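Asker: Chains as they are written, first to last, in our numbering: chain A, 19 to 367; chain B, 185 to 761. I'd like to ask some things about the structure below.
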């Protein structure tokens, strides 16, 4: 099989980048993108720089962008990339400073990970030398996915919120944070949730779900962020604007069944700040882009929606237990025993 | 939120490193990190040097588990664990070290759990344990099939909790030996370029194994015998290098490992006739016989024409979707991605592949070596815990028990010395000259052909089965490859991220080590554990070879000697499963 790849090269001295085309003529059909990078380096161009080690998707070294999508080179079938006769474009992952060619500086990612204190807090009541802490397997299941993270940076690369706001903790550090907040052995969850709910924390995520989409290990970082948010709510940590914003969605869904956007501004920003937004609101209204706050109306079929909310509330799904997102999670959820649903309260339910 | 910045960074502008520490750990896998944590807790100023970020280390590839006689899943004891390990080693393991290891293992497991290890639980919430090859009781603690990954992340967390410094992506390639022993190491800074001289009062080698000496190894690209070769060049003896474990279930064609746990949980092996051939080789233990036994059975089936193009079949279809998803999602994923086969639908093609080096830098139970201030722990070391063959689940435990012990001993040794560590003045310029010679060469052969020939010939001539003639041929071939290596070309002349340079240096390590391995193999005229010579010396010979081989490099000459095996309770017996 013939393979052609366009790779973005860079000169570390000047920072200049250029595209270079490589061609391999005898690639085996099952080869991965990493196999091809290796062959280029070993046989054609020793100066091509990239990281790699395990070649089986567990060390997290070789994340790159392929036609813009981040993936591990070692888990990418090159035959699939070539479908349609395209020449794949291989570039370094995003949102991290470039070192050379496909190698980026990961330190900003590690720095954020360190900032969430990613280790179980030492406890004074830990068991003696003799035995393990007894913990039910179901409770530990809460952090199962997040523990699979290999620190490859794919989520960082894809995160639009990070591009706009470089100080955002980001999907990687926040998944790690959930790994600890969700651990039944962790004593300091309250303090952690307070810290994570501050500016550039949980609520800065824009919920684009690209981190879930691209994570090669099924960590689903957005789900972890949602779990942190839900736990913060359950713990009464709701002062951040992001939390107030989220809370208004729930309130307006429960009361009128639709999102009351005009009030959302007030509920999120507070009255004082909202006043400064009045000129903007008027302009939006004039162009037909904002609804009038009054008169209020109720959405049709509101009662079944409320019934659904009551069903969920009856399942003890407070906090992180209420977070069910992502296809992989849905595949797991069938194992969870749910109580018999009550009779539907309306025909259009 | 607290913010820590503890290490080099290009973007954060740490100019140059000429550092000095009490203890320097080379390699940041499980053994290295465990050693660093212990040295720190013992009061030493410790730093790690690693060519990879710690969580990218190959310990993360260990899947099935970690052995300790907790007795959670059935009656067990450290004595039973020791007896199994001694038998598994084909009586070449040092029994004092084995007894100590098995006795200390449970306490280490509990400590890992308290640090936050996500081990699987039984219904009562205690640590679950599963059966593993060569073990008489369900003894293997596990985290699904990602146990090594979970431990590697955990130890990194504990490193961060202590703010221990890591010289990350520093390629250490030379130990500096002075009059009073080791003074530190030289490393090439991969990200920025340049030779960095790191002084230390004690150095712990924890660089892992040498699997990449073989083609089709289960090991990561990074497993290139760095620490063993550095030790050899510094005059340290390497022990039992002829013993390489071939894992029975590596996926064809990639060489990736399919965990032994799938056999522990009921997977079986079939030959081309669809027969469970293990009943002819190990009628009791069947697929759960010791790894060397299963690999030899497979190689025999292959050699006698009962394979499918050199592969046997690993059948997991009967697991069903639920068990597969709960316990082996990683394995299924691996098979689908790299072999295009869903193990729920078709059996997987497997063959024996180089997996683990039982031999390594000779140490005592505290990681001490023959050279003052040099310690070693983990796969790079030979305590000897594994003797002629390692049991699955014992190597992760080894990284923890002996990593901890080496860390403690190195710290104590370092803290006895006053002042700060210093390197002899010429060390760094010596290193710079060595690399300059390599970088200034404008013509020569790329490393690839040499590396490929090394790997293929080691498989062919020093694989599962060995014989005199093939080993002699291999020594000649290695001499030839080493000559060619003298003219190897590093095409990349740059400073920043020059992996062309580090990979050429790695090839040098591998060539040195291969020479030692085959030399030791030639001299061991018996079959024991993973060293099998069915044609010329088919039997174990306790009278002449119940002893460890030691290879050292003196005056450009390989010197082979022997040292006795320590026997406490278990006299050698015939080893059957």
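Built from N, CA and C at the ideal position, the CB exists for glycine as well. Owing to the predicted nature of the structure, the values given are computational and were not obtained by experimental measurement.
Taking the continuous beta strand (DSSP E) assigned at residue 80/A, which residues delimit it?
Answerer: No beta strand (DSSP E) contains residue 80/A, which DSSP labels as neither H nor E.
Asker: What residues from the region 61-81 of chain A come within 9 Å of chain B, judged by C-beta to C-beta, listed N to C?
Answerer: 61, 63, 64, 65, 66, 67, 68, 69, 70, 71, 72, 73, 74, 75, 76, 77, 78 and 79: these are the residues of the region 61-81 of chain A whose beta carbon lies less than 9 Å from some beta carbon of chain B, given in chain order.
Asker: If the criterion is Cβ atoms closer than 8 Å, does the pair residue 64/A and residue 676/B meet it?
Answerer: Cβ atoms of residue 64/A and residue 676/B: closer than 8 Å.
Asker: Measuring CA to CA, which of 556/B, 549/B and 558/B is closest to residue 566/B?
Answerer: 549/B
Asker: Using 8 Å for Cβ pairs, my map puts residue 331/B next to residue 246/B. What's the rounded Cβ distance?
Answerer: Right, their Cβ atoms sit about 6 Å apart.
Asker: Near residue 282/B, which residues of its chain fall below 7 Å by C-beta distance, leaving aside the five closest residues on each side in sequence?
Answerer: The residues are 266, 269, 270 and 569.
Asker: DSSP state of residue 286/A, grouped into three classes?
Answerer: helix
Asker: Taking Cβ positions only, does residue 193/A come closer than 8 Å to chain B?
Answerer: no
Asker: Excluding sequence positions up to five away, which residues of its chain have a Cβ less than 7 Å from the Cβ of residue 227/A?
Answerer: 240
Asker: Give the single residue among 35/A, 36/A, 56/A and 38/A whose Cα lies nearest to the Cα of residue 45/A.
Answerer: Between residue 45/A and the set 35/A, 36/A, 56/A and 38/A, the nearest pair of CA atoms involves 56/A.
Asker: With residue 247/A and residue 222/A assumed to form a contact (beta carbons below 8 Å), what rounded beta-carbon distance in angstroms separates them?
Answerer: Actually they are not in contact, since the Cβ atoms of residue 247/A and residue 222/A sit about 11 Å apart, beyond 8 Å.
Asker: What's the C-alpha gap between residue 199/B and residue 109/A?
Answerer: Low local confidence applies: a pLDDT of 41 at residue 199/B is under 50, so the model's placement there is unreliable, with the coordinate-based value given in what follows. Their backbone Cα atoms lie some 28 Å apart in a straight line.
Asker: Would you list the one or two residues that DSSP bridges to residue 136/B?
Answerer: Residue coverage of chain B in this structure runs from 185 to 761, which leaves residue 136/B outside it and unanswerable.
Asker: Taking 8 Å as the CB-CB limit, is residue 117/A close to chain B?
Answerer: yes
Asker: So with Cβ pairs under 8 Å, would you call residue 182/B a contact of chain A?
Answerer: Only positions 185 to 761 of chain B appear in this structure, which leaves residue 182/B out of reach.
Asker: Along the beta strand (DSSP E) that carries residue 321/A, what are the first and last residues, could you check?
Answerer: Where residue 321/A is concerned, there is no enclosing beta strand (DSSP E), although the alpha helix (DSSP H) it sits in stretches over 320-331.
Asker: Identify the contact partners of residue 674/B in chain A, using a Cβ-Cβ distance below 9 Å as the criterion.
Answerer: 64
Asker: State whether the region 486-499 of chain B contacts the region 517-533 of chain B, with contact taken as three or more CB pairs (one from each stretch) at a distance under 8 Å.
Answerer: yes
Asker: Select from 580/B, 701/B and 351/B the residue whose C-alpha is nearest the C-alpha of residue 424/B.
Answerer: Each of 580/B, 701/B and 351/B was checked against the Cα of residue 424/B, and the nearest Cα belongs to 701/B.
Asker: List, in order along the chain, the chain A residues whose C-beta lies closer than 7 Å to that of residue 632/B?
Answerer: 60 and 61
Asker: On the CB-based measure, 16 or more other CB atoms within 10 Å of its CB, does residue 385/B come out buried or exposed?
Answerer: buried
Asker: Nearest chain B C-beta to residue 137/A closer than 8 Å, yes or no?
Answerer: yes
Asker: Would you tell me roughly how many angstroms separate the C-alpha atoms of residue 193/B and residue 651/B, rounded to the nearest one?
Answerer: Here residue 193/B scores only 34 on pLDDT, less than 50, and its place in the model is too uncertain to base an answer on.
Asker: Between which residues of its own chain and residue 343/B is the CB-CB distance below 6 Å, once the five residues before and five after are set aside?
Answerer: 217
Asker: Flag residue 357/B as yes if its beta-carbon sits less than 8 Å from any beta-carbon of chain A, otherwise no.
Answerer: no
Asker: To the nearest angstrom, how far is the alpha carbon of residue 155/A from that of residue 298/B?
Answerer: 16 Å
Asker: Just to make sure I have the definition right: I need the residues of chain B whose C-beta is within less than 8 Å of the C-beta of residue 151/A. Which are they?
Answerer: 297 and 298
Asker: Please report the straight-line C-alpha distance between residue 374/B and residue 303/B, rounded to a whole angstrom.
Answerer: 35 Å
Asker: Residue 591/B and residue 221/B: beta carbons closer than 8 Å?
Answerer: yes
Asker: Residue 279/B: which of 289/B, 640/B, 263/B and 417/B sits nearest, CA to CA?
Answerer: Out of 289/B, 640/B, 263/B and 417/B, 263/B has the C-alpha closest to the C-alpha of residue 279/B.
Asker: Is it buried or exposed, residue 577/B, if we count other Cβ atoms within 10 angstroms and call 16 or more buried?
Answerer: buried
Asker: What separation, rounded to the nearest whole angstrom, lies between the Cα atoms of residue 484/B and residue 29/A?
Answerer: 53 Å
Asker: Less than 7 Å between C-beta atoms, sequence neighbours within five positions excluded: which residues of the same chain meet that for residue 475/B?
Answerer: 317, 429, 431, 432, 573 and 576
Asker: Tell me the DSSP secondary structure of residue 114/A in three-state form.
Answerer: coil
Asker: Residue 372/B versus chain A: which residues are under 7 Å apart at the beta carbon?
Answerer: Correct list: empty, because the minimum Cβ distance to chain A is about 14 Å.
Asker: Specify, as a first and last residue, the run of the alpha helix (DSSP H) that residue 700/B falls within.
Answerer: 683-707
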